[in-house]
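What follows is a short report on a single structure.
Numbering (our numbering), first residue to last: 32 to 177.
Okay, here's the thing in structure tokens:
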């Protein structure tokens, strides 16, 4: 008989660079913290919640790729490339489109609505305390309009 495994997930309040809360995240899965057998593990999946009319990021990862899907509400994903900013959308009004952000490109998530937006992030490789790969990025020349 196979063992049924359960584990709890903490709610972590997130803050913008100004120190003010901008939502929260719920780590759904992390390969480094999982009680599941190694052969059954994905890399990582977590839910990040973006408060209404706020922005998470920008964030830059030099190793980790991001894979974002908004599952409640609507978000704009802004990616800074060598050719300028590119805007992509995900959520209820956008067929829950998944957007992959390659490593080395900074990105920000902007909630387009008046309710919280729920976004699944499925990065690779998974976050770990030994390799956080979180770097500051500047979008001062970008206008975060709704």
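Note that CB positions come from ideal geometry on N, CA and C, so glycine has one too.
What does residue i pair with, by DSSP beta-bridge criteria?
i, result
"residue 105", "122"
"residue 56", "43 and 79"
"residue 171", "Per DSSP, none; premise fails for residue 171."
"residue 132", "97"
"residue 162", "159"
"residue 62", "Answer is none; residue 62 lacks a bridge partner."
"residue 50", "Residue 50 pairs with nothing; no bridge assigned."
"residue 18", "In the structure as shown, the chain starts at 32 and stops at 177, and residue 18 therefore has no counterpart that could be examined."
So, under 8 Å CB-CB, residue i and residue j are touching, yes? Tell me the CB distance rounded to an integer number of Å.
i, j, result
"residue 158", "residue 131", "With 8 Å as the limit, residue 158 and residue 131 do not qualify as a contact, their Cβ atoms being about 17 Å apart."
"residue 112", "residue 136", "6 Å"
"residue 140", "residue 86", "7 Å"
"residue 148", "residue 122", "7 Å"
"residue 98", "residue 152", "7 Å"
"residue 74", "residue 156", "6 Å"
For residue i versus residue j, is the C-beta spacing smaller than 8 Å?
i, j, result
"residue 106", "residue 118", "no"
"residue 146", "residue 104", "yes"
"residue 100", "residue 127", "yes"
"residue 165", "residue 63", "no"
"residue 162", "residue 94", "yes"
"residue 53", "residue 46", "yes"
What span of residues does the beta strand (DSSP E) with residue i cover, start to end?
i, result
"residue 149", "148 to 152"
"residue 142", "138 to 142"
"residue 88", "86 to 91"
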